[in-house]
Structure formats: C-alpha cells, structure tokens
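The next block holds one structure in the form of structure tokens; read it before the comments.
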C-alpha cells in the first residue's frame, strides 16, 4: 500500500507498506482514512493457499494415515494435516473444470492444513489450505544472535531461498515426470512432479526448476523483482549480492540485523551496522587481470591474477595509476602503446568480519584478532611493513590514534607536482 499523508506543517509525505500474500484489504484505492482506522490485516501464524480458479477439488497423492492424518484440535473440530513425506508421493490439490481438465495445481508441503474436501466445488478466492509458519522457539535475545552471527560471518545458509534473478511476470508449469525406472507396483499418481517456474519480461526469460518439497511464495501471474525470494528459506547474501549489487546488499544487511534487535526492543543506530558492512565489502575479486603498462624507472604496477581477492582500495588505486599512465602516453604521442593498455576488472565480494580482520593490510591489527602465530609468521616471511594507518595498530604501539578533531589527513597535504597547463589539459580530457 502506498500511503500519502500531510504533516502538521503542511508537508506531504509518502509511506510504502509491503503486504503479505493473503492480506485482507479494507480500503479502496484513493480512499481517505483516519488515524487508528484499520486498513488491512493478515494471519500471523499461517500462509493461505488461495484458489485462483473456479472448479472442483481433486485430491492427488493424499491418502489418510499415509500422507495426511485427521486430528482433533478442539472439541468437535477436526483438521486434515499433511504428514512429512518422502519418495514418490507428492500431496497436492488439483482444481478441475466441468470437463475434468486440470486448470490449477497447489503442492502441499508438510504440516499444511487442508480446508477443502475431495470433490468440493470452490470459487475464485477461496482458501483451500493453510501453511503454518515456523514458531519462534526462543523469544529472548539469544534466539536472534545465531542469525546475526550468520549474517556478519557471511555464511551460506542451509536450504536457502531460490531468488528471482530478473524482473518479470511469473509463469508456473506443473507437469508429471515419468520415473526412469519402471516399477509395475507404482501407480500413475506415484510419479515425480516437476515444477518449472519462468520469469518473463520483454527482454528475456529465466527458467528455474523448483523442487517439489519447497513452498512457493509466488503464484502464476505475479510480478516479481530481481532478488525477491520465490520459495521458502533464508536469503543467501552472496546470491543476493550477485543479483542486486553491493548497494542493495547493504540495505538488506541493515534491515535483517536491525529486525533482530527491534524484536527485543533494542535501538541501535544504523551507522554502527553500516561501518561493519562497509568493511565486509572492502574486498573485490579480479574477473579480468587486464594488461598493465610496461614498468618505468620510477613507476611499477601491480599485476593482478584472475580470481584473486584484493582490497578494494588497492584495486581502485591501481586502476587510477593505469588510467593516468594511459593519459600520459597519449600526451607523449604514443597512441599505439596507450591503446594496448587495458585496466583490470573486478566484482564485489562479501567476506565475513573474521576473514576481513585477518586479511587486514596491517599485520598488527590482524594478529590481534585471530591466528596470531600464523599472521606474524607470514608477515615475517613476506617482509611486510605496517604503516600504522588504522586505529587498532596505533593503539597496540601506544601512539596517538589517527582520529578526532586534531587529526589531519596526510593525503590532503600532498604536493601538486603538475604545472597549471598540465592540470588544465587533464581536466579537459
């Protein structure tokens, strides 16, 4: 819902509230609402499966005490609950028309509560089943800490959600796939179900195979954006970075981490999380080493290797040096030599805070965190020099930290070695 309101000062502001599937909306488009007026609500404990077609319900692979059980939840009230299933049974509800043709299929994962009977007539918009949401096992802050740790360490979650890789319209196809091994004891209903999901837009089409045991969060005809989860599961931040880029990943991290703390009533300023996420994205992976210029007597260039992970700052400095050398060669009239130069290319990479700390350019800072012996041994073998640029290494040595109102940047005091004519010509280029 897009909500527009006027502040006491007369300013117009907009708010966007995302709505979950199955939300009941009590207002019309363009309607004026008052403060504290109910505009929408939804079930907090389950995800409804809503029929988009009118027809007759047919059970598929639904057998009592085998793939579902009938339970009494309260006095006189019974419910059908799908059992955890393996093998070839794939419980689902088919909607057929008057001619017996299947016009819609809804796969039922484990613990789904079936709300319709076999052969029952339904209309568009009827709820045919409900998928219970996972209950929160721990309600204190320790319940959310594993999630925060998983995010900050940039781990690949188990059973991660399948994400949409492009923007477009969802097209779902459910078809029966014959088992390669012939078995006369198996019926036609005991065949593998293959769910194919296509995302279509005017430019391209992306097809995704969905396992039959996954819960689909989208339906046929839905409009999705790149990075939006298509199935249940936790979003993999590495996959999200690949699809949406570093800027959207930073927003994702901020929202996910703040959500854990807000549930406990803890208020943390965004800047603290933003600083950590910035460090997690401070490295890049080389995708094209490029072709650096030939080294001169007073200039040397770093030679990158394909797949190498290097600090983002080092990569940007080398690219700037290569581009500067290319401009100088063109100015000297060496156009052929300048055209042969190709700057390297890289893609952002997400690293956990432990890895980032160990890979720090300062070996003193890295040694103070983890694997002290290995870090110091490698630094001694490679003959590393610590320039004491950061805060931690200066604290270890006992020097004043390079921060605060009295700190000045050495870069701002670097001498300009170009004449006025050279500076003007470079700006024009």
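Numbering (our numbering), first residue to last: 1306 to 1734. Backbone N, C-alpha and C define an ideal beta-carbon position, used for all residues, glycine too. Computed from a predicted model, the values in this text were never measured in an experiment.
Candidates the options, of which the one nearest residue i by Cα
i	options	result
residue 1342	1350, 1349, 1332	1332
residue 1516	1548, 1509, 1477	1477
residue 1429	1544, 1385, 1359, 1613	1359
residue 1248	1403, 1328, 1344, 1610	For residue 1248 there is no data in the structure shown, the boundaries of the chain being 1306 and 1734.
residue 1355	1327, 1337, 1529	1327
residue 1565	1548, 1457, 1452	1452
residue 1600	1582, 1626, 1620	1626
residue 1651	1617, 1664, 1679	1617
residue 1415	1403, 1436, 1422	1436
residue 1582	1572, 1567, 1563, 1568	1563
residue 1353	1543, 1633, 1420, 1449	1420
residue 1384	1417, 1585, 1653, 1569	1417
residue 1368	1377, 1386, 1572	1386
residue 1500	1509, 1535, 1609, 1559	1535
residue 1408	1576, 1427, 1395	1427
residue 1561	1629, 1550, 1578, 1551	1578
residue 1585	1424, 1657, 1527	1657
residue 1539	1557, 1634, 1649	1557
residue 1395	1604, 1315, 1519, 1473	1519
residue 1675	1682, 1645, 1684, 1662	1662
residue 1597	1315, 1634, 1357	1634
Reduced DSSP secondary structure (H/G/I, E/B, other) of residue i
i	result
residue 1632	helix
residue 1545	helix
residue 1588	strand
residue 1566	helix
residue 1354	strand
residue 1377	strand
residue 1465	strand
residue 1412	strand
residue 1531	coil
residue 1346	strand
residue 1687	helix
residue 1537	coil
residue 1616	strand
residue 1622	helix
residue 1399	strand
residue 1658	helix
residue 1453	helix
residue 1681	helix
residue 1407	strand
residue 1641	helix
residue 1576	helix
Between the CA atoms of residue j and residue i - distance to the nearest angstrom
i	j	result
residue 1638	residue 1595	22 Å
residue 1401	residue 1363	7 Å
residue 1503	residue 1381	44 Å
residue 1669	residue 1698	6 Å
residue 1349	residue 1325	10 Å
residue 1647	residue 1673	39 Å
residue 1631	residue 1692	29 Å
residue 1546	residue 1406	42 Å
residue 1591	residue 1609	7 Å
residue 1322	residue 1346	12 Å
residue 1507	residue 1472	10 Å
residue 1422	residue 1361	10 Å
Test item: CB-CB of residue i and residue j under 9 Å
i	j	result
residue 1667	residue 1695	yes
residue 1541	residue 1522	no
residue 1623	residue 1607	yes
residue 1371	residue 1388	yes
residue 1659	residue 1463	no
residue 1588	residue 1614	yes
residue 1678	residue 1671	no
residue 1469	residue 1511	yes
residue 1433	residue 1411	yes
residue 1526	residue 1553	no
residue 1593	residue 1649	yes
residue 1529	residue 1573	no
residue 1544	residue 1465	yes
Per DSSP, the bridge partner or partners of residue i
i	result
residue 1427	1360
residue 1513	1502
residue 1650	1593
residue 1372	None; residue 1372 has no bridge partner.
residue 1437	1351
residue 1519	According to DSSP, residue 1519 bridges with nothing at all.
residue 1418	1386, 1435
residue 1475	1504
Check: residue i C-beta below 8 Å from any heavy atom of the ligand SAM
i	result
residue 1471	For the ligand SAM, the structure offers nothing, since it holds no ligand at all.
Below-9 Å beta-carbon distance, residue i vs any chain E residue
i	result
residue 1407	Absent from the structure is chain E; it holds one protein chain and no more.
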